[in-house]
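Participant: The following block contains the structure, expressed as structure tokens.
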Amino acid sequence: MKKSTNKSAGPAMDIGISAHDRAEIAAGLSRLLADSFTLYLMTHNFHWNVKGPMFNTLHVMFMGQYTEQWNALDVIAERIRALGHPAPGSFAAFAKLASIEAPDEVPTATEMIRLLVAAQEATARTARGLFPLVDKASDQPTADLLTQRLEVHEKTAWMLRSLLEE
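See below:
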């Protein structure tokens, strides 16, 4: 076991993933956390502000989605921490890292659905983009997390998209 040069830091991390790979994976997970937080915030905002003939359906659906998303934030952030890196946690950090942008205005219910489909798919792409690095590093816990997130985002995008069909 490697000894730490900083006595208060405890032993050096040695989980079988190189420090470089852990840093790269943590950076990717930070982007996923930023997308996930932005998606959470967008979904919660739409839950509060939806109106029209689909109000009840969308209000309840969005609540289920933002609740699931909120719970996922902790899982992603804790994986970043388990890899030995700090998790981003400010609006400024998320704005720099996110691949999606929440609208400032309140869109129509149909546009809310379209925006959420796009945001769900963007979050899925962010998760999927990490697999080559995670596979190379043999990081099974992160691979498992990514697989679970992909399943949720792809299924949610499908369900939302089905509301747009006639």
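Its first residue numbered 631, the sequence shown is counted upward by one per residue in our numbering. Where is the CB? At the ideal position from N, CA and C, for every residue including glycine.
1) Select from Pro771, Trp788 and Met693 the residue whose C-alpha is nearest the C-alpha of arginine 744.
2) Flag this pair as touching only if the stretch 640–660 and the stretch 669–680 have three or more C-beta atom pairs under 8 angstroms; answer yes or no.
3) Can you look up valine 680 in the DSSP assignment and give me helix, strand or coil?
4) For the stretch 685–754, list the beta strand (DSSP E) runs that are entirely contained and at least 3 residues long, ordered along the chain.
5) Going by the CB atoms, is the gap between alanine 728 and valine 680 shorter than 9 angstroms?
6) Using a Cβ-Cβ cutoff of less than 8 angstroms, which residues in the same chain neighbour alanine 757 once the five nearest sequence positions on both sides are dropped?
7) Considering just the uninterrupted stretch of the alpha helix (DSSP H) at proline 771, what are its terminal residues?
8) Residues in the same chain with beta-carbon distance under 8 angstroms from leucine 760, minus the five sequence neighbours each way, listed in chain order, please.
Facilitator: Answer, in terms of the structure:
1) Trp788
2) no
3) When secondary structure is reduced to three states using DSSP, valine 680 falls in the coil class, being assigned neither helix nor strand.
4) none
5) Not a contact, by the Cβ cut-off of 9 angstroms.
6) Leu662, Leu776, Arg779, Leu780 and His783
7) 770–793
8) Close CB contacts of leucine 760 within its chain, under the 8 angstroms cut and outside five residues either way in sequence, are with Ile655, Gly658, Leu659, Leu662, Thr772 and Leu776 (chain order).
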